[in-house]
Amino acid sequence: MGNVYWIPPKTEAEKLEDARQSAMRRINSAYEAELASIRSEYPESEQMTWDKQEREARALLADSGTATPLLDAMATGRGMDKTELATRIIAKADAWMQASGLATGKRQALEDQVKAAETVEAVEAVSWE
């Protein structure tokens, strides 16, 4: 017969730490899901251009002589005035930053609550909703 090992029960501190880790997994998952719901409207390949779109759009509006090869191609493909396109890109970029910032702030506030909680029950009461 094999060896039998006695595993001592977890201490309250260990249970609390387990609960904190579980809560953070739930919170982080909810955070990712919230932001993914916005990103899901756009193909990943397009998302990969967002930073460049925004840089070119802001540069164009600051100086109409700025080279904007991506916006040029997008405006041509869309049949839209490049300045109008730049304005729309900036509006969407600002909206994304607002949504992202709110979600990030909420995630960080919940993380603070999890860290401050002194009981497993208090940790488990922290929820994204």
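Residue numbers for the sequence shown follow the working numbering, beginning at 56 and rising by one. Here a beta-carbon is modelled for each residue, glycine too, at the ideal position from N, C-alpha and C.
Simplified DSSP state of M103, which is helix, strand or coil: Annotated three-state conformation of M103 is coil, per DSSP.
Is the beta carbon of A112 sitting closer than 8 Å to the one on A141? Yes; because the gap between Cβ atoms is below 8 Å, this pair is in contact.
With the cut-off set at 8 Å, would you say A74 and E179 are in Cβ contact? Contact flag set, yes.
Quick one: complete alpha helix (DSSP H) runs, 4+ long, within the region 118-161? Qualifying alpha helix (DSSP H) stretches, in chain order: 124-133.
List the endpoints of the continuous alpha helix (DSSP H) containing Y86. Counting along the chain, the alpha helix (DSSP H) containing Y86 begins and ends at E67 to R94.
Could you tell me how far apart the beta carbons of A158 and E89 are, in whole angstroms, since I believe they sit closer than 8 Å? Right, their Cβ atoms sit about 5 Å apart.
Would you mind stating whether E184 and I144 have Cβ atoms separated by less than 8 Å? With respect to the 8 Å criterion, E184 and I144 are not classified as neighbours on the basis of their beta carbons.
Who are the near neighbours of Y86 in its chain, counting only those whose CB is closer than 8 Å to its CB and skipping five residues on each side? The residues are A158, T159, K161, R162 and W183.
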